[in-house]
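Each remark here refers to the structure printed beneath this line.
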Amino acid sequence: MSGEPVWIDSHNHHYLTSLSVLSDLSQRGLSGLVEASWIPVRPSSWSTLEDLFRWLTEVERQRLSRIGVRLMVALGVHPRCIPPGFSSNVKRLEGWLEMNGVVALGEVGIDSGSEEEREAFREQLRVVRALDRPAIVHTPRMRKAEIARLELQIIREVGFPEELAVIDHFNAELLNELPKGRYMVGLSLQPGKLSVEEAVELVYRLEPERILINSDSSTEPSEPSWGLELLRRLSERDGELARMAGWKNAQRFFGL
Numbered sequence: 029m030s031g032e033p034v035w036i037d038s039h040n041h042h043y044l045t046s047l048s049v050l051s052d053l054s055q056r057g058l059s060g061l062v063e064a065s066w067i068p069v070r071p072s073s074w075s076t077l078e079d080l081f082r083w084l085t086e087v088e089r090q091r092l093s094r095i096g097v098r099l100m101v102a103l104g105v106h107p108r109c110i111p112p113g114f115s116s117n118v119k120r121l122e123g124w125l126e127m128n129g130v131v132a133l134g135e136v137g138i139d140s141g142s143e144e145e146r147e148a149f150r151e152q153l154r155v156v157r158a159l160d161r162p163a164i165v166h167t168p169r170m171r172k173a174e175i176a177r178l179e180l181q182i183i184r185e186v187g188f189p190e191e192l193a194v195i196d197h198f199n200a201e202l203l204n205e206l207p208k209g210r211y212m213v214g215l216s217l218q219p220g221k222l223s224v225e226e227a228v229e230l231v232y233r234l235e236p237e238r239i240l241i242n243s244d245s246s247t248e249p250s251e252p253s254w255g256l257e258l259l260r261r262l263s264e265r266d267g268e269l270a271r272m273a274g275w276k277n278a279q280r281f282f283g284l
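In this note's numbering, the protein residues as written are 29 to 284.
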């Protein structure tokens, strides 16, 4: 890994990725993962989510230790994963968020804009607000700016510290249309979201201390090495910028 950029992938679902792929990435500079809870179906019950939480907090750490990659976990209810009985169980999140190795609430937010999603987002922010933990906030592919503005409005209404929120899947549309604030910016290098070339252009339009870089790797088409390629290109022009975007900002934001 000598001479390679160092990267903490700040938002992904790599528990769905084979160990051989992650081992290759670790040899090229991947040092840590913030794995956020999500499944590609709507859970039939709250207990389904808690089984996922157990997978991430109990099994996944041991798996990644075999290749020397540090695991940090984000737990929460994705807007497409809201189970029946959510409101009567959401306070159970507090106990999970206080567990060792859990560094954030996530992935949470709004996808379609439904009132159910809005209220689930509010309730989860209220839970994590008392714990002084950050939140990883999803933005959708469709109606991105409209939904992101709504999310930022809810963050401010709830009184959640804006500097503890990362607005993820950020792109040029949000840079131009989302109100300015103290929130962090998550660049998701994934086909259909952000290419390496687009990310390079975007990075130089952002404040360096606000940038987090992630792969958002999941069951969707993903290119988990694009983050490393971005950092390699940045390091050729500005080594300190590459270090900030690659790992320093993530260490500060997640309290590592």
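Even for Gly, the Cβ is constructed at its ideal location relative to N, Cα and C.
Asked, Found
"Where does Leu61 land, buried or exposed, given buried means 16+ other C-beta within 10 angstroms?", "buried"
"So, helix, strand or coil for Ala158, using DSSP?", "coil"
"Starting from Ile36, trace the beta strand (DSSP E) both ways and give me its first and last residue.", "35-40"
"Could you give the distance in angstroms between the alpha-carbon of Ile182 and the alpha-carbon of Gln152?", "11 Å"
"Please state whether the Cβ-Cβ distance between Arg108 and Asp79 is less than 7 Å.", "no"
"Keeping to the same chain, check which residues put their C-beta closer than 7 Å to that of Glu257; ignore five residues upstream and five downstream.", "Val224"
"Taking DSSP as the reference, what is the three-state secondary structure of Trp210?", "In the sequence as presented, Trp is not what sits at residue 210; that position holds Arg. Residue state, collapsed to three classes: coil."
"Counting only the same chain and skipping the five closest in sequence on each side, list residues whose C-beta sits under 7 Å from that of Phe282.", "Val62, Met100, Val131, Ala132, Pro162"
"What does a CB cutoff of less than 6 Å around Ala64 pick up in its chain, not counting 5 residues either side in sequence?", "His39, Ala102, Gly134, Glu135, Ile164"
"Starting from Val136, follow its DSSP beta bridges and name the residues at the other end.", "Val165"
"Quick one: is Asp160 buried, meaning 16 or more other Cβ sit within 10 Å of its Cβ, or exposed?", "exposed"
"Using 10 angstroms around the beta-carbon of Asn128, count the other beta-carbons present and answer buried if the total reaches 16, otherwise exposed.", "exposed"
"On a Cα-Cα basis, can you pick out the residue from Gly187, Ala173, Leu240 that is closest to Lys208?", "Ala173"
"Taking DSSP as the reference, what is the three-state secondary structure of Gly267?", "helix"
"Along the chain, where does the alpha helix (DSSP H) containing Asn204 start, and where does it finish?", "200-205"
"In the DSSP assignment, the beta strand (DSSP E) including Asn242 goes from what residue to what residue?", "239-242"
"Does the Cβ-Cβ distance between Leu269 and Pro236 come in under 7 Å?", "yes"
"Which value, in whole angstroms, describes the spacing of the CA atoms of Glu86 and Arg94?", "14 Å"
"Using a 10 Å radius around the Cβ and a threshold of 16 neighbouring Cβ atoms, would you call Ala227 buried or exposed?", "buried"
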